[in-house]
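Engineer:
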């Protein structure tokens with residue numbers, strides 16, 4: 001296990017480094033010189049050259065990359081060419097907001113999917129089980145941002161019970177913070193919950209056919225008891241794999257949902273950065289999101305091993 | 001001496017198809033009975049109906065009593081208490097019968113805590129049981145996960161689970177079919193030694209001969225012949241038993257291997273009357289009427305018996 | 001079981017057929033010019049030649065939806081095409097040499113690409129080349145390659161241990177010949193299912209990208225942008241969000257059901273025989 005952990009950690013670091021190369025190379029292709037853009041068309045060549053050396057964009061790409069990547073390793077994302085503000089703290093602030101959004105959505109999705117999916121599997125032969133399957137199919141067909149728009153229509157426009165957007169920091173007003181997050185959480189959680197319900201259902205269905213469940217019943221357990229004691233942990237193994245993939249999807253879904261609800265998270269920062277052609281900022285945010293996906297994959301792989309003794 | 005298990009008029013069916021028809025037999029205390037038949041004969045369903053573990057949509061009727069307690073047509077909550085304590089079962093496939101995520105010892109202990117033993121007591125006794133089924137280093141095996149054991153070892157663990165609460169009847173459904181030949185023999189000897197009373201299901205005549213005292217031959221969901229193993233195997237009366245024995249006998253080189261012509265029909269496709277008549281070389285129009293299972297001790301259901 | 005399988009195929013096929021039909025018809029006929037801006041028809045209520053009404057620029061909603069179907073299918077076909085054409089050979093190669101360095105390399109690169117979701121790729125591509133239908137299609141396609149490669153690899157690994165492949169290898173057939181003649185036809189059904197599911201995901205991605213302004217540019221109609229434009233009018237004219245939202249849901253549902261239906265239909269493992277003695 002320790003050996004695996006070390007190896008897997010190595011893979012994580014190597015892929016993060018490779019991802020950094022890809023992100024940097026991509027952005028280096030960007031036409032236009034940040035210094036020229038910053039100073040406008042009327043700038044003197046001398047001023048541009050000076051700004052260039054200030055930005056460090058006059059150096060060879062390899063040097064620039066090493067400088068940027070070296071900074072990243074220490075949590076330094078550089079300074080924006082456009083606003084002149086350091087990027088790291090901005091990303092730090094926004095990351096917290098997005099993380100709350102994503103984790104809340106995931107928790108909600110699990111709260112929906114685990115009971116519903118299990119129920120649908122146990123009752124797969126009757127109407128209610130089939131109804132859950134149909135409902136989850138419909139849920140999957142609705143993208144998170146569309147769910148957001150529908151929820152705004154129902155809860156903000158019709159019922160006027162919740163805000164249609166905006167974000168209040170928790171330190172300012174915890175109650176408003178919560179009210180503002182309800183609809184974004186629901187947008188992400190309902191859709192992901194629908195996706196997960198299907199996976200939970202099929203995992204539980206598979207487990208229900210397993211011989212060891214029959215063994216458990218032969219020991220004197222009822223069908224439900226056998227499923228609880230022996231089925232759910234086994235069923236959780238494939239679900240954990242999917243959970244990792246979904247968490248990555250959710251992270252990206254959050255970018256769009258932030259736009260729907262005007263929430264100042266990473267997605268908002270990223271899209272603003274693109275709009276303002278803030279190269280280094282976009283580079284930084286993309287890197288953080290990609291690293292988050294890689295980290296999630298790492299955690300899932302390790303969790304997988306912990307759950308299944310056959311892989312230890 | 002009164003019987004331990006009494007089965008009377010047991011039928012098992014799914015939808016409108018009858019899979020086991022009007023089965024009656026008894027097992028005395030300490031008796032070892034073989035239930036033999038090809039796949040599709042209904043032998044596994046018979047066992048599962050006694051355990052109350054029939055798959056969804058399959059229903060049993062008739063009566064089966066174990067020491068005065070009903071097993072068929074009773075509420076699940078009541079049969080549940082008997083499973084694993086009064087009667088227990090070892091299945092065919094040892095590789096998949098154990099929970100892969102749980103230590104072996106815990107899986108043996110579980111069956112005891114379920115029926116009222118304290119956790120600590122059960123854990124200790126689990127190791128003793130593993131020793132009883134002749135697993136070397138039982139304490140270490142108890143800490144292992146199923147995937148770390150061989151098929152034969154896993155089947156011994158299943159046997160330990162089955163024996164844990166000193167049941168009155170042990171049912172084994174092809175317990176050695178999935179094992180290596182060398183392991184099979186040891187396993188059979190162990191089962192014969194530890195079983196309180198035994199219902200042993202198999203398609204293998206040699207296995208029945210080595211383990212059981214009495215045999216029931218099933219075909220098409222019915223018992224077609226029953227009696228002491230030695231007698232049935234040396235003087236088979238039903239034509240199906242006769243064919244089965246002939247097919248299993250080792251034949252000298254060059255002679256044609258005798259087989260039963262045709263194959264076992266699908267469930268619900270057996271002929272009316274004698275279920276074997278469409279494959280029987282001795283069938284006559286008389287066989288269109290179902291023969292009854294008659295005879296004391298050695299009974300058979302055939303209009304044109306052999307010998 | 002059988003009945004449900006057919007129901008999935010039937011409903012999925014019908015919904016997909018509906019979207020395809022709308023797209024095909026839009027080439028020859030739409031009720032109005034979908035891009036025609038007319039202040040006189042601004043936010044026109046449904047009815048009288050404008051079945052679903054008009055938007056804030058006076059553009060006919062139904063006509064936009066029809067041409068939007070074209071955009072959706074176009075992006076889906078190209079994206080899934082890229083993913084299938086690149087992902088299948090990679091997965092095939094990795095599956096046929098499971099212990100080789102090539103397999104290792106392919107799967108590692110695959111994992112790396114997997115860390116770049118379609119949205120991020122589209123944002124990056126958009127930042128460099130300017131956002132549009134093309135960058136969206138490429139981004140979605142590239143982001144879908146890993147899924148195809150994984151599925152193709154897993155299916156190939158299964159096929160490689162079957163007797164007929166072993167026989168072909170024992171007979172000394174060349175690897176590429178085995179791949180094309182024996183493996184590919186046998187993993188075809190898996191790939192078709194994957195294509196259908198990927199199509200649904202591509203539609204979702206395209207809608208999200210257009211919603212964010214990283215997809216199809218105006219004036220070409222797209223469902224995602226229709227939604228984005230409708231958002232500010234949600235309080236006054238919610239129907240503008242309803243129709244494109246419904247269109248997206250119908251298309252995604254259709255491709256998902258089609259994929260599931262095909263899977264049940266093509267995969268013999270899932271159509272288990274009912275009853276029988278041994279369970």
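Protein chains in written order, with UniProt numbering: chain H, 1 to 312; chain G, 1 to 307; chain Y, 1 to 279. Think of the CB as a built atom: it goes at the ideal place given N, C-alpha and C, for glycine as much as any other residue. Predicted model only: the values in this text are computed from it and were never measured.
Any Cβ of chain G within less than 9 Å of the Cβ of residue 234(H)?
Structural biologist: Interface residue, yes.
Engineer: Hey, out of 192(G), 12(G), 57(G), 173(G), whose CA is closest to residue 72(G)'s CA?
Structural biologist: For the residues 192(G), 12(G), 57(G), 173(G), the minimum Cα distance to residue 72(G) belongs to 12(G).
Engineer: With 16 as the cutoff for other CB atoms within 10 Å, does residue 185(H) come out buried or exposed?
Structural biologist: It is buried - the Cβ of residue 185(H) has at least 16 other Cβ atoms within 10 Å.
Engineer: Exposed or buried, what is residue 1(H) when buried is set at 16 or more other beta-carbons lying within 10 Å of its beta-carbon?
Structural biologist: With fewer than 16 other Cβ atoms within 10 Å, it is exposed.
Engineer: Does the Cβ-Cβ distance between residue 167(H) and residue 181(H) come in under 9 Å?
Structural biologist: Their beta carbons are under 9 Å apart, which means residue 167(H) touches residue 181(H) by this criterion.
Engineer: Look up residue 27(G) in the DSSP assignment and give the residues it is bridged to.
Structural biologist: Residue 27(G) is bridged to 5(G).
Engineer: Beta-carbon separation of residue 77(G) and residue 111(G) under 9 Å?
Structural biologist: Against a cut-off of 9 Å, the Cβ pair of residue 111(G) and residue 77(G) comes out as no contact.
Engineer: Note down the Cα distance separating residue 87(G) from residue 171(G), rounded to an integer number of angstroms.
Structural biologist: When rounded, the distance between both Cα atoms is 7 Å.
Engineer: In chain H, what lies closer than 7 Å to residue 204(Y) by C-beta?
Structural biologist: Under the 7 Å cutoff, chain H gives 143.
Engineer: In angstroms with no decimal places, state the Cα-to-Cα distance between residue 31(G) and residue 96(Y).
Structural biologist: Cα to Cα, the separation comes out at about 56 Å.
Engineer: Do residue 165(H) and residue 97(H) have their beta-carbon atoms positioned less than 9 Å apart in this structure?
Structural biologist: No.
Engineer: With 9 Å as the C-beta to C-beta threshold (strictly closer), list the residues of the stretch 67 to 86 of chain H near chain A in chain order.
Structural biologist: Of the protein chains in the structure, H, G and Y, none is chain A.
Engineer: Name the DSSP bridge partner or partners of residue 36(G)?
Structural biologist: According to DSSP, which records beta bridges pairwise, residue 36(G) is partnered with 202(G), 217(G).
Engineer: If you count every other CB in all the chains shown that lies within 10 Å of the CB of residue 240(G), and 16 or more means buried, which is it?
Structural biologist: Burial call: buried.
Engineer: Is residue 44(H) helix, strand or coil when you go by DSSP?
Structural biologist: Note: residue 44(H) maps to coil in three-state DSSP.
Engineer: With a threshold of 8 Å, are at least 3 pairs of Cβ atoms found where one atom belongs to the stretch 244 to 251 of chain Y and the other to the stretch 141 to 151 of chain H?
Structural biologist: The stretch 244 to 251 of chain Y, when compared against the stretch 141 to 151 of chain H, does touch it at the 8 Å Cβ threshold.
Engineer: Tell me which residues of the stretch 208 to 222 of chain H have at least one Cβ-Cβ distance to chain G shorter than 7 Å, keeping chain order.
Structural biologist: Of all residues in the stretch 208 to 222 of chain H, 210, 211, 212, 214, 215, 217, 218, 219, 220, 221, 222 have a Cβ within less than 7 Å of some Cβ in chain G.
Engineer: Using the beta-carbon of each residue, which ones in chain H are nearer than 7 Å to residue 161(G)?
Structural biologist: Here the neighbours are 219.
Engineer: Just how far apart, CA to CA, sit residue 174(Y) and residue 205(Y)?
Structural biologist: The straight-line gap from Cα to Cα measures roughly 40 Å.
Engineer: Using a beta-carbon distance cut-off of less than 7 Å, what residues from the stretch 125 to 142 of chain H approach chain Y?
Structural biologist: Those would be 137, 138, 140, 141, 142, in chain order.
Engineer: Determine whether the Cβ of residue 307(H) lies closer than 9 Å to any Cβ atom of chain G.
Structural biologist: For residue 307(H), the answer is yes, since a Cβ of chain G falls inside 9 Å of its Cβ.
Engineer: Taking 9 Å as the CB-CB cut-off, is residue 108(Y) touching chain H?
Structural biologist: Yes, its Cβ sits closer than 9 Å to a Cβ of chain H.
Engineer: In the DSSP assignment, the alpha helix (DSSP H) including residue 244(H) goes from what residue to what residue?
Structural biologist: First-last of the alpha helix (DSSP H) with residue 244(H): 232 to 261.
Engineer: Since residue 61(H) is in the alpha helix (DSSP H), which residue starts that stretch and which ends it?
Structural biologist: First-last of the alpha helix (DSSP H) with residue 61(H): 61 to 73.
Engineer: Using 10 angstroms around the beta-carbon of residue 81(H), count the other beta-carbons present and answer buried if the total reaches 16, otherwise exposed.
Structural biologist: The residue in question, residue 81(H), is buried, as its Cβ has 16 or more Cβ neighbours within 10 Å.
Engineer: Whole-angstrom Cβ separation of residue 122(Y) and residue 139(Y), contact assumed at under 8 Å?
Structural biologist: Contact flag correct, Cβ pair sits at about 4 Å.
Engineer: Compile a chain-ordered list of the residues in the stretch 68 to 85 of chain G whose CB is closer than 7 Å to at least one CB of chain H.
Structural biologist: From the stretch 68 to 85 of chain G, only 76, 80, 81, 83, 84, 85 have a Cβ closer than 7 Å to chain H.
Engineer: Let's see if you can read the secondary structure: which residues bound the alpha helix (DSSP H) around residue 204(H)?
Structural biologist: 174 to 208 is the span of the alpha helix (DSSP H), which, as asked, contains residue 204(H).
Engineer: Taking the straight line between their C-alpha atoms, what separation do you get for residue 138(H) and residue 287(H)?
Structural biologist: So the two alpha carbons sit approximately 33 Å from each other.
Engineer: Could you spell out where the beta strand (DSSP E) holding residue 228(G) opens and where it closes?
Structural biologist: 222 to 228 is the span of the beta strand (DSSP E), which, as asked, contains residue 228(G).
Engineer: How about residue 135(Y) and residue 214(Y): do their beta carbons lie closer than 9 Å?
Structural biologist: Yes; because the gap between Cβ atoms is below 9 Å, this pair is in contact.
Engineer: Any residues in the stretch 88 to 115 of chain H with a beta carbon nearer than 9 Å to a beta carbon of chain Y? Which ones, in chain order?
Structural biologist: Of all residues in the stretch 88 to 115 of chain H, none has a Cβ within less than 9 Å of some Cβ in chain Y.
Engineer: Mapping the DSSP letters down to three states, classify residue 8(H) as helix, strand or coil.
Structural biologist: Three-state result, residue 8(H): helix.
Engineer: Along the chain, where does the alpha helix (DSSP H) that runs through residue 112(H) open and close?
Structural biologist: Start and end: 87 to 122.
Engineer: So residue 171(G) is in the beta strand (DSSP E); what residue range does that whole segment cover?
Structural biologist: Start and end: 169 to 173.
Engineer: Any idea if residue 172(Y) is buried or exposed, counting beta-carbon neighbours within 10 angstroms, 16 or more meaning buried?
Structural biologist: Exposed, because fewer than 16 other Cβ atoms sit within 10 Å of the Cβ of residue 172(Y).
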